[in-house]
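Colleague: One structure, pasted below without further comment.
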Amino acid sequence: MTTLVRLEILRTLRNKRYLMFTVLYPALLYVFFISAYGNGGTVANGVAAKSYFMVSMATFGAVGAVLTGSAQRISLERKSGWTRQLRLTALPGRAYTLGKIAACAVTTLPAIVVVFAIGAVEGVDLTAVQWLGLAAALWLGSFVFAALGVALGYAAEPDAVQPVVMIVYMLMALFGGTWFPVSDSLRTYARFNPVYDYNQLASFVHGEGVAALPIVALAAFLVLFTAAAAALYRKDARRA
Amino acid sequence: MATGTGEVAAFRNVSKSYGRVKAVNGLDLVLRPGETVALLGPNGAGKSSSLDLLLGLREPDSGTVELFGGTPRAAITAGRVGAMLQSGGLMSDVKVREIVELACRVHPRGHGVDRVLATAGITELADRRVDKLSGGQEQRVRFALAVAGANDLIVLDEPTTGMDVSVRRQFWDAMRAQADAGRTVLFATHYLEEADSVADRVLVLHRGRLIADGSSAEIKARAGARRIGFELHPADGAPAGPDFDEAVLRALPGTVGLDVSTRADGVRTVRIRSADADAGVAALYAAGYHPRGLEVTSLGLEQAFLTITGEQDRTESRTESEEEYVR
């Protein structure tokens with residue numbers, strides 16, 4: 001199984017287009033936001049713009065990396081018959097999915113680290129513990145979206161999967177505080193949006209302490225998406 | 001190659017439908033160790049569906065499929081089966097060596113990569129990217145995946161599609177080497193000459209049913225392996241003129257099919273499909289005929305195949321119209 005996981009990681013890192021989209025694109029957006037808000041700019045609740053968007057662009061990159069990395073590839077490889085070919089090997093069925101998730105997890109790290117590096121250069125001031133804690137929280141949180149990506153990959157056909165992923169991704173980002181903070185009136189509903197909860201993981205660096213609710217919500221989403229992915233996988237296996 | 005006892009694979013009264021289409025209909029079949037078996041059938045005959053069932057990629061609606069006395073999945077996990085599917089996609093963004101290495105590593109009885117690359121004749125492609133290969137090259141990579149370990153059964157679905165003639169010959173040489181090593185080989189193909197020259201057993205599948213099972217010589221014999229053609233001129237005597245009786249020709253030994261056409265000048269052109277041309281021709285002369293322009297030609301497996309599936313179609317349409325009539 002490790003051979004497959006290693007090969008999945010290797011081929012993902014080889015795909016330059018994918019790396020551009022998942023690493024470079026959020027980094028450029030972040031630079032754009034910093035210049036748009038100015039060096040001393042703040043968003044709602046007085047949080048510094050450069051610190052707010054550092055988190056939201058890191059999550060934006062991470063979610064993009066895992067969603068496209070898993071959903072698109074799984075869908076394409078179901079169509080091409082590679083998943084059938086793998087079922088004719090002694091590998092257990094879960095190995096394929098685990099390989100995809102591992103490859104995603106490896107690519108979310110650079111997406112997070114590059115944005116953080118820009119933030120540090122631009123003067124986001126955190127303690128070493130905060131930096132590490134934030135990176136770990138965002139990295140772990142990305143697994144929720146990897147599960148969602150796997151589910152979408154088994155649900156949608158290749159010609160549909162790209163628009164489906166894009167719509168899901170953009171709607172979650174739009175109402176999840178990625179481009180602007182969620183207004184008070186929408187906040188009640190926002191907690192049912194995993195991207196909002198994901199962004200909230202960072203609240204402890206804004207001096208608000210560790211938020212328990214988003215962690216619980218993300219854990220619930222993880223269970224939900226994993227169950228959906230498992231059910232869709234089994235359905236796909238029956239249809240071969 | 002020795003054919004041992006025991007069962008490599010067994011279909012017992014297996015049926016599978018997709019919606020209203022019966023893809024596989026009451027299939028009963030046993031493969032024995034060491035056999036090289038060709039699976040023939042027109043498009044949509046149920047070849048790929050049967051192979052899917054054999055490999056456990058799909059579950060039968062009724063009946064059972066066994067590989068080496070257990071479930072298909074158990075045989076695969078034990079590393080006893082290698083397969084090359086028609087629709088077996090390959091990983092993108094990896095090199096040929098990497099994907100073959102993956103297959104070797106995950107195989108419980110895997111061979112070394114270099115050996116497998118050599119077996120499949122793709123050593124020189126080892127560093128090429130999989131997504132940059134031609135169709136025939138991709139087929140050889142798929143073949144490498146099917147022979148990555150010490151399998152007892154190798155299943156190939158239309159393996160030579162997209163290969164040019166010389167590559168196809170190399171491929172069958174590699175395949176024969178596998179069979180000579182005592183492996184059971186089952187392959188589906190469109191190319192009947194491949195079945196004729198490679199297989200020691202031929203299965204003909206039509207509309208989900210097994211309609212013929214035997215050596216290629218037996219299949220040809222069943223279809224009437226030779227064609228006897230001649231002309232009968234009225235000037236040559238009574239049997240060819242006023243006393244002409246088709247029933248006499250039909251009664252010739254070995255006759256499987258008869259076709260007679262008469263020209264305006266009374267000359268009849270006769271074509272007989274025969275399972276025993278020698279006896280047929282001898283009896284023809286004994287019955288007092290003087291055939292002109294006598295020709296005896298051999299039918300290929302292709303002709304035999306068309307004949308058998310055609311007969312089946314006629315039988316089925318007759319049964320259907322009788323059923324109509326009864327209603």
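These protein sequences, in sequence, are chains D and F.
According to UniProt numbering, the first sequence is numbered sequentially starting from 1.
According to UniProt numbering, the second sequence is numbered sequentially starting from 1.
From the three backbone atoms N, C-alpha and C, an ideal C-beta is built for every residue, glycine too.
1. Quickly, what does DSSP pair HIS233(F) with across the bridge? List them, please.
2. For the candidate residues LYS95(F), SER261(F), LEU133(F), ASP131(F), whose alpha-carbon lies nearest to that of GLY229(F)?
3. Quick one: which chain F residues come within Cβ less than 7 Å of ASN15(D)?
4. Since ASP127(F) and SER92(F) are thought to touch, with beta carbons under 8 Å apart, how far apart are those beta carbons, to the nearest angstrom?
5. For the structure I just gave you, are there three or more beta carbon pairs, one from the segment 29-47 of chain D and one from the segment 72-90 of chain D, closer than 8 Å?
6. What residues in the segment 41-74 of chain D have a beta carbon less than 8 Å from any beta carbon of chain F?
7. Using CA atoms only, rank isn't needed, just tell me which of ASN43(F), ALA9(F), LEU55(F) is closest to GLY69(F).
8. Got a sec, what are the start and stop residues for the beta strand (DSSP E) ALA57(D) sits in?
9. For a quick check, are the C-beta atoms of PHE225(D) and LEU174(D) less than 8 Å apart?
10. Go ahead and label LYS235(D) buried or exposed: buried means 16 or more other beta carbons lie within 10 angstroms of its beta carbon, across all protein chains shown.
11. Pull up the distance between the alpha-carbon of GLY300(F) and that of LEU203(F), whole angstroms please.
12. Starting from the C-beta of ASP61(F), find all residues in its chain whose C-beta is less than 7 Å away, skip the five residues before and the five after it, and write them out in chain order.
13. Looking only at its own chain, which residues have a Cβ that is under 6 Å from the Cβ of ILE101(D), when we skip the five neighbours before and after it?
14. Tell me which same chain residues have a C-beta within less than 8 Å of the C-beta of ARG58(F), skipping the five on either side of it?
15. Considering only DSSP beta bridges, list what ARG273(F) is partnered with.
16. Given a cut-off of 8 Å, decide if LEU232(F) and PHE187(F) are closer than it, judged by their beta-carbon atoms.
17. Is it the case that the Cβ atoms of VAL144(D) and LEU152(D) are separated by a distance below 8 Å?
18. Taking the continuous alpha helix (DSSP H) assigned at GLU218(F), which residues delimit it?
19. Tell me the residue span of the alpha helix (DSSP H) that contains TYR18(F).
20. Please list the residues of the segment 102-113 of chain F that have a C-beta atom closer than 8 Å to any C-beta atom in chain D, keeping them in chain order.
21. Just grab the DSSP bridge partners of LEU205(F) for me.
22. Buried or exposed for ASP245(F), going by 16 or more other Cβ atoms inside 10 Å?
23. If we ignore side chains and look at the alpha-carbon of each, how far apart do VAL223(D) and ILE219(F) end up?
24. Classify GLY46(F) as helix, strand or coil using the three-state DSSP reduction.
25. Return the residue from the list THR64(F), LEU145(F), HIS290(F) that minimises the CA-CA distance to ARG105(F).
26. Please list the partners that GLN85(D) has in chain F, where partner means a Cβ-to-Cβ separation under 7 Å.
27. Please classify VAL216(D) as buried or exposed, where buried requires at least 16 other C-beta atoms within 10 Å of its C-beta.
28. Taking Cβ-Cβ distances shorter than 9 Å, what residues in chain D pair up with GLY66(F)?
29. What does GLU77(D) reach in chain F if we use C-beta pairs closer than 7 Å?
30. Counting pairs of beta carbons, one from the segment 67-82 of chain F and one from the segment 66-76 of chain D, are three or more of them closer than 8 Å?
31. Which residues in chain F sit within 8 Å of THR3(D), going by Cβ to Cβ distance?
32. Drop a sphere of 10 angstroms on the beta-carbon of SER215(F), count the other beta-carbons inside from all chains shown, and report buried for 16 or more, exposed for fewer.
33. Pull up the distance between the alpha-carbon of ALA105(D) and that of TYR196(D), whole angstroms please.
34. Quick one: Cα of ASN199(D) to Cα of HIS206(D), how far?
35. Would DSSP call ALA2(F) helix, strand or coil?
36. Indicate whether the contact test is met: 3 or more Cβ pairs, each with one atom in the segment 79-99 of chain D and one in the segment 175-190 of chain D, closer than 8 Å.
Modeller: Judging by the given coordinates:
1. Paired residue(s): none; HIS233(F) is not in a bridge.
2. SER261(F)
3. ASP93
4. Rounded to the nearest angstrom, the Cβ distance from ASP127(F) to SER92(F) is 16 Å, too far for a contact under 8 Å.
5. Judged by Cβ distances under 8 Å, the segment 29-47 of chain D makes no contact with the segment 72-90 of chain D, as fewer than three pairs qualify.
6. none
7. ALA9(F)
8. It is Met, not Ala, that sits at residue 57(D) in the sequence shown. First-last for MET57(D): 49-67, but that is the alpha helix (DSSP H), not the beta strand (DSSP E).
9. no
10. exposed
11. 16 Å
12. SER15, LYS16, SER17
13. ALA146
14. LYS16, SER49, ASP52
15. ARG227(F), GLY257(F)
16. no
17. no
18. Element bounds for GLU218(F): 216-222.
19. Segment 9-18 is the beta strand (DSSP E) holding TYR18(F); no alpha helix (DSSP H) there.
20. When CB distances to chain D are screened at a threshold of 8 Å, the residues of the segment 102-113 of chain F falling below it are LEU102, ALA103, ARG105, VAL106, HIS107, PRO108, in chain order.
21. LEU210(F)
22. exposed
23. 58 Å
24. coil
25. LEU145(F)
26. LEU85, GLY88, GLY89, LEU145
27. exposed
28. This sequence places Glu at residue 66(F); Gly is not what is there. The contacting residues do not exist; GLU66(F) stays about 17 Å from chain D at best.
29. GLY89
30. Judged by Cβ distances under 8 Å, the segment 67-82 of chain F makes no contact with the segment 66-76 of chain D, as fewer than three pairs qualify.
31. GLU101, LEU102, ARG105, VAL106
32. Looking at its Cβ environment, which holds fewer than 16 other Cβ atoms inside 10 Å, SER215(F) is exposed.
33. 20 Å
34. 12 Å
35. Interpretation of ALA2(F) is limited by its pLDDT of 41, a score under 50 that renders its predicted location unreliable; no figure is taken from the coordinates.
36. A contact between stretches requires three or more CB pairs, one per stretch, nearer than 8 Å, and the segment 79-99 of chain D fails this requirement with the segment 175-190 of chain D.
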